[in-house]
Amino acid sequence: MSSEAPMAGDFLSLLAGRKLPPWRAEPSASAPVQTQATTVFAFHFGEGVLMAGDRRATAGNVIVTDRVDKVIEIDATSLLAIAGVPATAFEMARVLQTSFEYYRRSQLQPLSLPAKVRALARLLRENLPMTMQGIGVVAPLFAGLDHSFSPPKPQIYFYDPLGAQFQAVDYVASGSGSGTIRSILSFQEQYGNPRPSQMNLAQAVKFALRLLMVASEFDSATGGVNPATETYATIRVLRSTGVEAVTDEQQSKFLNLKP
Amino acid sequence: MTEEPYRWLEAVANRREYVRDQLKGGSPALAASLSDGILLLGVGGGQSKVFELFDRHALAGLGHPADIEKIRQAAIDAAHTEAFTRAPEDVSLRRLVGFGLSPQLKTNFEQIFTAPFLVELLLVEIGAEVEKDLLLRLHFDGAFQFQSGGVMVAASLPEPETAAKEWLARALAQKTGRREAVDLLLQAWWCLTENKPFGEGIPGEADRQAGWRAATQGRVVEIGWLARKSPRPARYETLTLAQIGL
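These protein sequence lines are chains P and H, in that order.
The numbering used here numbers the first residue of the first sequence as 28 and each following residue consecutively.
The numbering used here numbers the first residue of the second sequence as 660 and each following residue consecutively.
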């Protein structure tokens, strides 16, 4: 076999062979004002992993939109939450979506969780020239199913902008509102009743919405949640059976539930 | 020199005969468009007859496993490249086959010093409505026929294939359930493999059902299902006989 032949099941090498790389990072003297997307977080709850994000994107002091979906279903068992520059992050999500499905269909088996985790690290490393210039920086969160457990166990990973990957034991947050959210999650995990890891879906969703409400009080780039304008978060859960979306209607219902 | 064109024609005719001979005895593949989705069915050794290609596309066929694999891989490569560089909605069966697979099959078949593909294939695309379902029959020489909805059969010989298709189209009319559709597809599969007639003299339903049950012992009934409505982009799933109550 030729060394130039694409690696079996690897979508990026297929694109490279056809001279269609997903993005080309070129050095630039000056950076434009960038659209930024914050805030995202994930935590283990009683039924799996909950991953959530507000829906605001900003550029400097300008609110670009309050309708961004920052928690993206990559495939039936993987979630990506993006914090940073959406232009780069959405492209990474698209590469991962196509790559994971390409591998599954062409090799007739799903990609393992470690390989999925590394695939995102690889994209972050390939984005290094942009990161070093301070533009196109992405600090994502990833959740996937670990099939070495039976039933498969949802796991959370986070990354630094250079591509280092870390596993989150209880919770993780990224983006400009993450400081507030991590503090509350830490407090709740140590002293809360119930702790996030013991919550059911309704409790976990209500807790997640409240986290964003508080974060938005301290961080103007976090959009928060406003039931009066029907502005909710993007929330998805990963159970041992796969990914499920939590709709705006469900969020409204859970938020109004009495304790 | 004057005899060269004649030699080429003779060589191509010989190849056609050779391919048909090689495909003889291959296990037929069948597809049916139903109200909730498209069924594909084959009986083989497992992951060898029915395959997912893309979000709304699937393939089933008979032939040499290595050749089916080459076609499958080429279709998957083309579909994913198209989806990534344009959009998943732009992946279409017409373009995939008309501009990709068919010319390649034709070229391989007519270049008499290369090996022809030993395949007979069915490709399907699920639409928003039954009328927009696309079923495509692709032959080893690159020839293909499209059809909106209905039933499609890929067998090694054209006459029994047409008879099975016509019988299934009548038998499946007004039937929407997956269970009864799979049962009928398996009855047609059994009649094809046992060279039973589809007109006068077709075995009774009980015999056909007993026939396919006996003939599939020790083999894998591969069932692919493309759902018309799904919360996810990927519509394909594999089913077992037990899952659909057979």
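C-beta atoms are modelled at their ideal positions from N, C-alpha and C, and glycine is treated no differently.
Per DSSP, H/GLY883 lies in no alpha helix (DSSP H); the unbroken beta strand (DSSP E) holding it starts and ends at 879–886. P/ASN253 sits exposed, since fewer than 16 C-beta atoms from the chains shown fall within 10 Å of its C-beta.
With respect to chain H, the C-beta atom of P/TYR130 has no partner C-beta closer than 7 Å. Beta-carbon to beta-carbon, P/LEU239 and P/ALA79 are separated by about 7 Å, close enough to satisfy the 8 Å threshold.
The three-state reading of DSSP puts P/GLY206 in helix, counting H, G and I together.
Nearest to H/ASP800 by alpha-carbon distance, out of H/ARG878, H/GLU790 and H/GLY757, is H/GLY757. At a cut-off of 7 Å, the C-beta of H/PHE758 has no neighbouring C-beta in chain P. The alpha-carbon of H/LEU700 is positioned some 17 Å away from that of H/PRO819. In the three-state reduction of the DSSP assignment, P/LEU284 falls in the coil class. The secondary-structure analysis by DSSP pairs P/ASP102 across a beta bridge with P/SER105.
Sequence-distant partners of P/PHE185 (beyond 5 residues in either direction) whose C-beta falls short of 7 Å from its own C-beta, in its chain, are LEU168, PHE193, ALA195, VAL199 and SER201. It is roughly 13 Å from the alpha-carbon of P/THR274 to the alpha-carbon of P/LYS233.
A residue is called buried when at least 16 other Cβ atoms come within 10 angstroms of its Cβ; P/VAL89 does not meet this threshold and is exposed. Beta bridge pairing from DSSP links P/ASN253 with P/THR258.
Take H/TRP826, set aside five residues on each side of it, and the residues of its chain with a beta-carbon closer than 7 Å to its own are ALA847 and PHE857, in chain order. Apart from sequence neighbours up to five positions away, no residue of its chain approaches H/THR766 with a beta-carbon distance below 7 Å. Setting aside the 5 residues that flank it on each side, P/GLY250 is surrounded in the same chain by ASP81, ARG82, ARG83 and ASP93, each with a C-beta closer than 6 Å to its C-beta; the list follows chain order. With the rule of 3 Cβ pairs closer than 8 Å, the segment 700–716 of chain H counts as touching the segment 888–896 of chain H. For H/PHE857, not one C-beta of chain P is nearer than 7 Å to its own C-beta. H/SER807 counts as exposed, since fewer than 16 other beta carbons sit within 10 angstroms of its beta carbon. DSSP places P/GLY219 outside both helix and strand once states are collapsed to three, so it counts as coil.
The DSSP assignment places complete alpha helix (DSSP H) segments of no fewer than 4 residues inside the segment 722–758 of chain H at 724–744 and 752–755, in order along the chain. Inclusion of P/LYS97 and P/ALA86 in the CB contact set at 7 Å is not warranted, their separation being larger than that value. Rounded to the nearest angstrom, the gap between the Cα atoms of P/MET157 and P/PHE68 is 24 Å.
Neighbours of P/LEU168 across chain H, judged by C-beta separation under 8 Å, do not exist; the nearest C-beta is about 21 Å away.
Counting along the chain, the unbroken alpha helix (DSSP H) around H/PHE768 starts and ends at 761–769. Here the alpha carbons of P/GLU74 and P/GLN277 stand approximately 16 Å from one another. Looking from the CA of H/ALA717, the closest CA among H/HIS723, H/GLN770, H/GLY703 and H/GLY786 belongs to H/GLY786.
One alpha carbon belongs to P/ALA32, the other to H/GLN763, and they sit about 19 Å apart. Taking a C-beta cut-off of 9 Å against chain H, the contacting residues of the segment 37–49 of chain P are PHE38, LEU41, LEU42, ARG45, LEU47 and PRO49, listed in chain order. Taking C-beta separations shorter than 8 Å and ignoring five residues to either side along the sequence, the partners of P/ALA120 in its chain run ILE99, ILE101, LEU107 and ILE109, following chain order.
Residue pairing by DSSP puts H/LEU793 in a beta bridge opposite H/GLU784 and H/SER807.
Here DSSP, grouped into helix, strand and coil, assigns H/PHE772 to coil. Boundaries of the alpha helix (DSSP H) harbouring H/PRO664: 663–682, taken from the DSSP string. In terms of CA proximity to H/LYS729, H/PHE776 leads the group H/PHE776, H/PRO890, H/ALA688 and H/SER692.
Residue pairing by DSSP places P/PHE193 opposite P/PHE185 in a beta bridge.
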